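Visitor: First, the structure itself, so that you have it in front of you.
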Amino acid sequence: MKKTTPSVRVENLTAAYGPTVILEHVNFEVQPGEVFVVLGGSGCGKSTLLKQMIGLIPPAAGEIFIEGENLDKASGSERLAVLRKFGVMFQSGALFGSMTLSENVELALEEFTDLPREARREIAAMKLELVGLEDALQKLPSEVSGGMQKRAAIARAMAMDPGLLFLDEPSAGLDPVTSADLDALILRLRDNVGVTFVVVTHELASIYAIADRAIMLDKSTKGIIADGAPAELRDHSENPLVRAFFQRKPQTS
Amino acid sequence: MTDKNPGFRTERRGETTIVVLSGVLDAEAVSESWGKATALPDSPLKVDASEVDACDGAGLALLHLLTSRKNTELTGLKPEIQRLLAPFQGEKTEKNAPSEKPKRMGPIENLGQLASGFFADLSEIVAFLGKTVATFLECCRKPSLIRWTDLWVVAERAGVNALLIVGLISFLTGMILAFQAATALRQFGVEIFVVNLVSLAMLREMGVIMTGVVLAGRSGSAFAAEIGTMKINEEVSALETMGLDPVRFLVIPRVLAGILIMPFLTIYADIMGVAGGFLVMRLEGYPLPALWNQLVGAVSTNDLLSGLIKSFFFGFLVAGIGCLRGLQTRSGPSAVGESTTRSVVSGIFLIVVADAIFAVVFYVLKF
Numbered sequence: 001m002k003k004t005t006p007s008v009r010v011e012n013l014t015a016a017y018g019p020t021v022i023l024e025h026v027n028f029e030v031q032p033g034e035v036f037v038v039l040g041g042s043g044c045g046k047s048t049l050l051k052q053m054i055g056l057i058p059p060a061a062g063e064i065f066i067e068g069e070n071l072d073k074a075s076g077s078e079r080l081a082v083l084r085k086f087g088v089m090f091q092s093g094a095l096f097g098s099m100t101l102s103e104n105v106e107l108a109l110e111e112f113t114d115l116p117r118e119a120r121r122e123i124a125a126m127k128l129e130l131v132g133l134e135d136a137l138q139k140l141p142s143e144v145s146g147g148m149q150k151r152a153a154i155a156r157a158m159a160m161d162p163g164l165l166f167l168d169e170p171s172a173g174l175d176p177v178t179s180a181d182l183d184a185l186i187l188r189l190r191d192n193v194g195v196t197f198v199v200v201t202h203e204l205a206s207i208y209a210i211a212d213r214a215i216m217l218d219k220s221t222k223g224i225i226a227d228g229a230p231a232e233l234r235d236h237s238e239n240p241l242v243r244a245f246f247q248r249k250p251q252t253s
Numbered sequence: 001m002t003d004k005n006p007g008f009r010t011e012r013r014g015e016t017t018i019v020v021l022s023g024v025l026d027a028e029a030v031s032e033s034w035g036k037a038t039a040l041p042d043s044p045l046k047v048d049a050s051e052v053d054a055c056d057g058a059g060l061a062l063l064h065l066l067t068s069r070k071n072t073e074l075t076g077l078k079p080e081i082q083r084l085l086a087p088f089q090g091e092k093t094e095k096n097a098p099s100e101k102p103k104r105m106g107p108i109e110n111l112g113q114l115a116s117g118f119f120a121d122l123s124e125i126v127a128f129l130g131k132t133v134a135t136f137l138e139c140c141r142k143p144s145l146i147r148w149t150d151l152w153v154v155a156e157r158a159g160v161n162a163l164l165i166v167g168l169i170s171f172l173t174g175m176i177l178a179f180q181a182a183t184a185l186r187q188f189g190v191e192i193f194v195v196n197l198v199s200l201a202m203l204r205e206m207g208v209i210m211t212g213v214v215l216a217g218r219s220g221s222a223f224a225a226e227i228g229t230m231k232i233n234e235e236v237s238a239l240e241t242m243g244l245d246p247v248r249f250l251v252i253p254r255v256l257a258g259i260l261i262m263p264f265l266t267i268y269a270d271i272m273g274v275a276g277g278f279l280v281m282r283l284e285g286y287p288l289p290a291l292w293n294q295l296v297g298a299v300s301t302n303d304l305l306s307g308l309i310k311s312f313f314f315g316f317l318v319a320g321i322g323c324l325r326g327l328q329t330r331s332g333p334s335a336v337g338e339s340t341t342r343s344v345v346s347g348i349f350l351i352v353v354a355d356a357i358f359a360v361v362f363y364v365l366k367f
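Sequence order for the protein chains is L and E.
For what it's worth, the working numbering labels the leading residue of the first sequence as 1, then goes sequentially.
For what it's worth, the working numbering labels the leading residue of the second sequence as 1, then goes sequentially.
Encoded structure:
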C-alpha cells in the first residue's frame with residue numbers, strides 16, 4: 001500500500017529563544033484530512049511551535065516538512081511554493097485594517113495570479129460565503145465582530161486553496177456560542193472541502209468538539225507528554241499532568 | 001522597656017524580645033510599625049497577637065515578616081486571621097523563593113553596552129536600507145510589483161498635507177535669517193546682501209533640512225506607528241506567511257513616496273524661505289526689482305541642485321528609518337510610542353550626519 005505524505009512532519013525539533021530552550025526533541029506527524037490539535041498550558045511553547053511550523057521562527061535544531069517540503073531550507077520561489085501549501089489564521093485575525101473583508105481575501109489572488117478583478121472579487125465573495133460572511137463583503141475589519149474577523153481570516157487563509165490551515169487560538173476572546181460556530185465551520189471545511197487543520201488551543205470544549213487527534217506540550221519536560229484522541233487522553237492517560245488538564249484540576253493548591 | 005507605639009509594642013524579657021500587636025493591623029498602622037519590625041534585634045522573638053482584631057494585606061505582610069524570622073513564636077492569633085496567613089507560611093521552596101535581583105551594571109559596563117547597542121543598531125540600519133535598495137531595484141525591473149495605490153495615498157498624506165507646515169516654517173526661517181543678517185550687514189552699508197545670505201542658506205541648507213525635519217516629525221513617525229501597529233496585530237506576520245515581502249509591500253511605497261515628494265517640498269520651502277527674506281527687505285524699504293536682481297545674481301543652478309540632490313537622500317533616509325523602526329516594534333503597550341520616538345530621533349540624526357557628509361563632498365568637488 002502506498003504511504004501518503006503527511007501534511008506536516010516535525011522531526012526532532014528544538015525551539016529556543018537565545019539560551020532559553022522552550023521545546024526539545026519534538027516529533028509528530030499530521031495526516032491529511034485530520035483536525036490536529038496542539039494543546040497545553042500557558043507558556044508551554046504552543047505558539048512558538050506554530051510560528052516554527054509556519055516559518056516565522058527558524059528551528060534551533062530539527063526539521064519541519066510541509067507536505068514533504070522543508071520550509072526552513074527553501075528560498076526564493078521554492079519557499080513561496082511551500083508557503084502556498086498552507087494558510088494561517090492568527091489569534092487576532094490579523095486582517096489588514098485599511099482593506100475591506102473582500103479586499104483582504106483578494107490580496108493573495110491579486111499578488112500571485114493574473115485573474116481579472118471581477119474574477120478575484122467573485123472568488124473572494126465565494127470564500128466569504130463559505131464562512132458565512134456573504135453580507136459583509138464590503139465592510140472593514142473594524143466594522144465587524146471578533147468572531148466575524150476570525151471567520152474572514154479563515155476565508156483569507158483559504159484564498160489560494162491550500163490543503164492545510166493553521167489556526168492560532170481560534171476560540172480566544174469569543175463567547176461560547178460564537179466559539180461553537182467556529183468549531184462547526186472547521187468541521188464543515190474539513191468534511192466538505194477536505195482541508196487539514198492544525199489548531200493551537202487550550203479551550204477544552206473546542207478540543208472535544210473538533211480534534212481527531214491532539215498532542216499535549218508540557219513546560220517542565222519541554223516536549224510532548226500525550227498524543228491521541230482527546231477522549232482517550234482524558235479517560236486513559238497515565239500521566240497526571242494530562243489528566244489534570246482534561247479534568248481542569250488546579251495545580252497550585 | 002516599653003514601646004508606646006499603639007498596635008506595636010515591644011518588651012524585653014531577658015534574651016527574648018516580646019512583640020505585642022493590637023487593634024486593626026491595616027496599611028496605616030503597619031506603615032508606622034514596619035520600620036520597628038525590621039529593626040528588631042536578632043534575638044529569640046515572641047509575637048503576641050491575641051489583641052489583634054482584624055488585619056488587611058499590609059497586616060499579613062507584617063505578620064509574615066515577623067514569623068519568617070528564625071526563633072519566632074506566634075501566639076494568640078485569631079483562627080480567621082491564621083487562615084489568611086497560612087498560605088504564606090512554611091519552608092521556602094525553590095519555586096516560591098524570591099528570585100535574585102538582576103545584578104546592576106557599573107558605569108563602564110553600561111557604556112560598553114550602549115556602544116555595542118549603537119553599533120548593532122547602525123549595522124541593522126545599513127542592512128535594512130541595503131535590502132530596501134535591492135527590493136527597489138527589483139521593483140524598477142518590474143514596476144507592477146509596486147503598490148501604486150498605497151504610494152499615491154502616502155504621497156498625498158506626507159506631501160500635499162504637509163504644505164502648510166513646511167511653508168510656514170520655511171517662511172519664518174527666511175524672515176529670521178533676514179532679520180539677523182540685516183542688523184549686522186547694515187553696519188557696513190551692504191544690507192542688500194541679506195538677499196544673498198538668505199537665498200544661499202535656504203537653497204543649499206535650510207530649505208532641505210527644515211523639510212527633512214518636518215518629514216521626520218510628521219511622516220517618519222506616522223510610518224513607524226502604522227507599521228508598528230501592524231506588527232503588534234500580527235499583520236506583518238500574516239504578510240510573511242502569505243509569501244508577501246513586508247519590505248516590498250509596506251516599505252517600498254512609503255520610501256518611494258518620501259523620495260518623490262521631498263524635492264517638491266524642498267523647492268516649495270526654498271521659495272517660501274526666500275519670500276520671507278524678501279518681506280523683511282521690503283519692510284526695510286528695498287524695491288522688489290532690486291531684490292530680484294540681487295537674487296538672480298546671487299544664486300546659481302548648483303545652489304539649487306545641491307539642495308535637491310540632498311532632498312532625495314533625506315527622503316529616502318527619513319522614510320526608510322520610519323519603516324525600520326515600525327518593523328522593529330516589540331510587543332507591549334508602550335512599544336508603538338517608543339518606535340515613533342525612535343523614528344523621529346534617528347531620522348533627524350541621519351539628516352544631520354548625511355548633511356555633514358554632503359557638505360564635505362560638495363566642498364571637495366567645489367560644487
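Positions of the beta carbon are idealized from the N, C-alpha and C atoms, including for glycine.
Nothing here was measured: the structure is a model prediction, and the numbers come from that model.
Does Asn-161/E get closer than 8 angstroms to chain L when you measure Cβ to Cβ?
Guide: Answer no: the Cβ-Cβ gap between Asn-161/E and chain L never drops below 8 angstroms.
Visitor: Go to Val-30/L, then tell me how far its alpha helix (DSSP H) extends in each direction, as first and last residue.
Guide: Premise fails: Val-30/L lies in the beta strand (DSSP E), 20-30, not in any alpha helix (DSSP H).
Visitor: Excluding sequence positions up to five away, which residues of its chain have a Cβ less than 8 angstroms from the Cβ of Ala-182/E?
Guide: Excluding sequence neighbours, Ala-182/E sits near Glu-191, Val-194, Val-280, Met-281, Glu-284.
Visitor: How about Ala-201/E and Leu-177/E: are their beta carbons less than 8 angstroms apart?
Guide: Yes, the pair counts as a contact, with Cβ atoms nearer than the cut-off.
Visitor: Have a look at the DSSP bridge pairing and note the partners of Val-255/E.
Guide: Val-255/E is not bridged to any residue.
Visitor: Please classify Phe-166/L: is it buried, with 16 or more other beta-carbons within 10 angstroms of its beta-carbon, or exposed?
Guide: Buried, by the Cβ-count rule.
Visitor: At 4 residues or longer, what runs of the alpha helix (DSSP H) sit wholly inside the segment 176-204 of chain E?
Guide: You should have 194-201.
Visitor: Just to confirm the assignment: which complete alpha helix (DSSP H) runs, minimum length 4, are found wholly within the segment 198-246 of chain E?
Guide: With a minimum length of 4 residues, the continuous alpha helix (DSSP H) runs that stay inside the segment 198-246 of chain E are 207-215, 221-232, 235-241.
Visitor: Compare the C-beta of Gly-55/L against all C-beta atoms of chain E and say whether one is closer than 8 angstroms.
Guide: Chain E, which has a Cβ nearer than 8 angstroms to the Cβ of Gly-55/L, makes this yes.
Visitor: With a cut-off of 8 angstroms, does the C-beta of Ser-92/L fall near any C-beta of chain E?
Guide: Yes, contact with chain E.
Visitor: Whole angstroms are fine: how far does the CA of Leu-63/E sit from the CA of Ser-22/E?
Guide: Approximately 12 angstroms, taken between the alpha carbons.
Visitor: Would DSSP call Ile-64/L helix, strand or coil?
Guide: Strand, per DSSP.
Visitor: Enumerate in chain order the residues of its own chain whose CB-to-CB distance from Pro-41/E is below 7 angstroms, with the five nearest sequence positions on each side excluded.
Guide: Taken in chain order, the residues that qualify are Thr-17.
Visitor: Using the rule of at least 16 other Cβ atoms within 10 Å of the residue's Cβ for burial, across every protein chain shown, is Leu-122/E buried or exposed?
Guide: It counts as exposed.
Visitor: Check distances from the C-beta atoms of the segment 62-89 of chain L to those of chain E and list, in chain order, the residues that come in under 7 angstroms.
Guide: Hits within the stretch, in order: Leu-80, Leu-83, Arg-84, Val-88.
Visitor: Tell me the rounded alpha-carbon separation between Ser-171/L and Gly-146/L.
Guide: Those two C-alpha atoms are separated by around 10 angstroms.
Visitor: Determine the burial state of His-25/L: buried for a count of at least 16 other Cβ atoms within 10 Å of its Cβ, exposed for fewer.
Guide: Burial call: exposed.
Visitor: Any beta-carbon of chain L closer than 8 angstroms to the one on Asp-3/E?
Guide: For Asp-3/E, the pLDDT reaches just 46, beneath the cut-off of 50, and the residue's location in the model is therefore unreliable, although a value from the coordinates is still provided. No - not a single Cβ of chain L is within 8 angstroms of the one on Asp-3/E.
Visitor: Along the segment 237-257 of chain E, where does the CB come closer than 8 angstroms to a CB of chain L? Name the residues.
Guide: Residues Ser-237, Ala-238, Glu-240, Thr-241, Met-242, Gly-243, Leu-244.
Visitor: Count the other C-beta atoms from every protein chain shown that fall within 10 angstroms of the C-beta of Leu-111/E, then say buried if there are 16 or more, exposed otherwise.
Guide: Exposed.
Visitor: As a quick exercise: from Glu-203/L, Ala-211/L, Asp-227/L, pick the residue whose alpha carbon is nearest that of Gln-247/L.
Guide: Comparing Cα-Cα distances from Gln-247/L to each of Glu-203/L, Ala-211/L, Asp-227/L, the minimum goes to Glu-203/L.
Visitor: Show which residues of chain E have a CB atom less than 7 angstroms away from the CB atom of Phe-96/L.
Guide: Within 7 angstroms Cβ-Cβ: Glu-235.
Visitor: Quick check: the segment 163-170 of chain E against the segment 260-272 of chain E, are there 3 or more CB pairs under 8 angstroms?
Guide: Segments in contact, yes.
Visitor: Could you name the residues of the same chain whose beta carbon sits closer than 6 angstroms to that of Ala-74/L, not counting the 5 residues immediately before and after it, in chain order?
Guide: Closer than 6 angstroms at Cβ, skipping near neighbours: Val-82.
Visitor: Please name the residues in the segment 101-130 of chain L whose beta-carbon is closer than 8 angstroms to at least one beta-carbon of chain E, in chain order.
Guide: Residues passing the 8 angstroms Cβ filter: Leu-107, Ala-108, Glu-111, Phe-112.
Visitor: Please identify the residue among Ser-102/L, Thr-4/L, Leu-23/L whose C-alpha is closest to the C-alpha of Asn-12/L.
Guide: When only C-alpha atoms are compared, the closest one is Leu-23/L.
Visitor: Which residues in the same chain have their Cβ closer than 7 angstroms to the Cβ of Ser-331/E, if we skip the five residues on either side of it in sequence?
Guide: Once the five neighbours on either side are set aside, the close Cβ partners of Ser-331/E are Ile-232.
Visitor: So, helix, strand or coil for Arg-213/L, using DSSP?
Guide: Three-state result, Arg-213/L: strand.
Visitor: With H, G and I counted as helix, E and B as strand and the rest as coil, what does DSSP make of Ala-136/L?
Guide: Correct three-state label for Ala-136/L: coil.
Visitor: Could you name the residues of the same chain whose beta carbon sits closer than 7 angstroms to that of Phe-179/E, not counting the 5 residues immediately before and after it, in chain order?
Guide: Hits under 7 angstroms: Val-280.
Visitor: Going by DSSP, what residue range makes up the alpha helix (DSSP H) through Lys-46/E?
Guide: Unbroken run through Lys-46/E is the beta strand (DSSP E), 45-55; no alpha helix (DSSP H).
Visitor: Determine the DSSP secondary structure at Leu-365/E, reduced to helix, strand or coil.
Guide: Looking at Leu-365/E - three-state DSSP - the assignment turns out to be helix.
Visitor: Beta-carbon within less than 8 angstroms of Lys-222/L's beta-carbon, same chain only, minus the 5 sequence neighbours each way: which residues are those?
Guide: Around Lys-222/L: Val-21, Ile-22, Leu-23, Glu-24, Gly-45.
Visitor: Below 8 angstroms, can you find three or more Cβ-Cβ pairs linking the segment 190-206 of chain L to the segment 156-165 of chain L?
Guide: Because the criterion of three Cβ pairs below 8 angstroms is met, the segment 190-206 of chain L and the segment 156-165 of chain L touch.
Visitor: Is the Cβ of Asn-192/L closer than 8 angstroms to any Cβ of chain A?
Guide: Judged by its chain identifiers, the structure shown contains no chain A, and its protein chains are L and E.
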